[in-house]
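To convert, note that position 25 of the sequence shown is 589 in my numbering; the numbers rise steadily by one, no gaps.
Ideal Cβ positions, reconstructed from N, Cα and C, are used throughout, including at glycine.
The structure presented is a predicted model; accordingly, all values stated were derived computationally and were not measured.
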Amino acid sequence: MSDPGVVGRLRAAGCVFAEEEAEMLTATAAGPAELDLMVERRASGLPLEHVLGWADFAGLRVEVDGGVFVPRRRTEFLVGRAVELARPGAVCVDLCCGSGAAGAVLLAEVEGVEVHASDIEPAAVRCARRNVEPRGGRVYEGDLFAPLPRELRGRVGVLIANVPYVPTGEIGLLPPEARDHEPHVTLDGGTDGLDVMRRVAAEAPEWLAPGGHLLVETSERQADTALAVMSAVGLTPRVDTSEEWWATIVVATAP
565 MSDPGVVGRL RAAGCVFAEE EAEMLTATAA GPAELDLMVE RRASGLPLEH
615 VLGWADFAGL RVEVDGGVFV PRRRTEFLVG RAVELARPGA VCVDLCCGSG
665 AAGAVLLAEV EGVEVHASDI EPAAVRCARR NVEPRGGRVY EGDLFAPLPR
715 ELRGRVGVLI ANVPYVPTGE IGLLPPEARD HEPHVTLDGG TDGLDVMRRV
765 AAEAPEWLAP GGHLLVETSE RQADTALAVM SAVGLTPRVD TSEEWWATIV
815 VATAP
């Protein structure tokens, strides 16, 4: 049962799911002093996952450090599709990996899969290494494909690119938890939100194996443009949506 005092403090701070959060904070804290500090940090606006030090993602407890992009629940739809498409032993790449949540799920769910992940943010790379490498994957620091081993070219069966897709002009409209506590490089997708996706699409055909798949998350209003971008580089794209997860993804397949 949640401590009414903790629930009240969280509710006063505007936490919509105060009772659930109070239970998670209480279960994680080592004692009353740490609980008090955690509640104070959460009430100040820090994302719950940064306060806890972990996120529940697709059934895994994924470590999430402060200043690292928090894996969104809707992204479970994207990763679920990737798991369905990845064959046992497939080579998989997770670009813009953040905490490494997607790569960790692939390693947990697909037999013998080979996972390589990259991110440009040093803090994200340190975090992802703790989530991915104990499960057998590799994490690299650098911009998109740049740090990946060259021998992966033409061998990637599943390429997840959870790129930033918020238009620059809309960053200020995001909830404070994201706007103030996550690196803007993980959010800002340029003028129309698709700048990073275009860069990924341009290089993807060199890395995908025949019949390999590129999966990206986007918004419903960006989907038509994303389809055109994928088609222009020779991939065959489709849009998948989920009302349950309020998610839109593009799955593009190499010839």
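I think residue i touches residue j, with their Cβ atoms under 8 Å apart; what is that distance to the nearest whole Å?
i, j, result
"G776", "L723", "7 Å"
"T782", "I813", "7 Å"
"A650", "L624", "Contact flag wrong, Cβ pair sits at about 16 Å."
Spell out the partners DSSP gives residue i in its beta bridges.
i, result
"L801", "Sequence inspection shows Pro at residue 801; the Leu mentioned does not correspond to that position. Bridge partners of P801: A816."
"V780", "A725, V814"
"E678", "V655"
"E627", "W618"
"V825", "For residue 825 there is no data in the structure shown, the boundaries of the chain being 565 and 819."
Please work out which residues of its chain come closer than 7 Å, Cβ to Cβ, to residue i, disregarding the five sequence neighbours upstream and downstream, and give them in chain order.
i, result
"R694", "E627"
"V689", "D683, V703, E705"
"D804", "R645, I813, V815"
"V571", "A582, E583, A586"
Could you give the DSSP three-state label for residue i: helix, strand or coil?
i, result
"I724", "strand"
"A586", "helix"
"W810", "coil"
"E685", "coil"
"F709", "coil"
"A619", "strand"
"V730", "strand"
"G664", "coil"
"L610", "coil"
"G595", "coil"
"G757", "coil"
"P774", "strand"
"C569", "The question names Cys, yet the displayed sequence has Gly at residue 569. In the structure shown, G569 sits in a helix (DSSP, three-state: H, G or I)."
"P635", "coil"
"A577", "coil"
Output needed for residue i: all residues of its chain with C-beta closer than 6 Å, excluding positions within five of it in sequence on either side, in chain order.
i, result
"E770", "R717"
"L791", "P801"
"R743", "none"
"W809", "R638, F641"
Tell whether a beta-carbon distance below 8 Å holds between residue i and residue j.
i, j, result
"V720", "A672", "no"
"V674", "V647", "yes"
"G701", "G667", "yes"
"A766", "V797", "yes"
"S663", "V615", "no"
"A586", "L574", "yes"
"A768", "L779", "no"
"G609", "P740", "yes"
"V679", "C656", "yes"
"L825", "T590", "Outside the modelled stretch of the chain, which goes from 565 to 819, sits residue 825, for which no answer is possible."
Skipping 5 residues on each side, what residues in its chain have a beta carbon closer than 8 Å to that of residue i?
i, result
"P652", "V674, E675, G676, V677"
"T789", "D756, L758"
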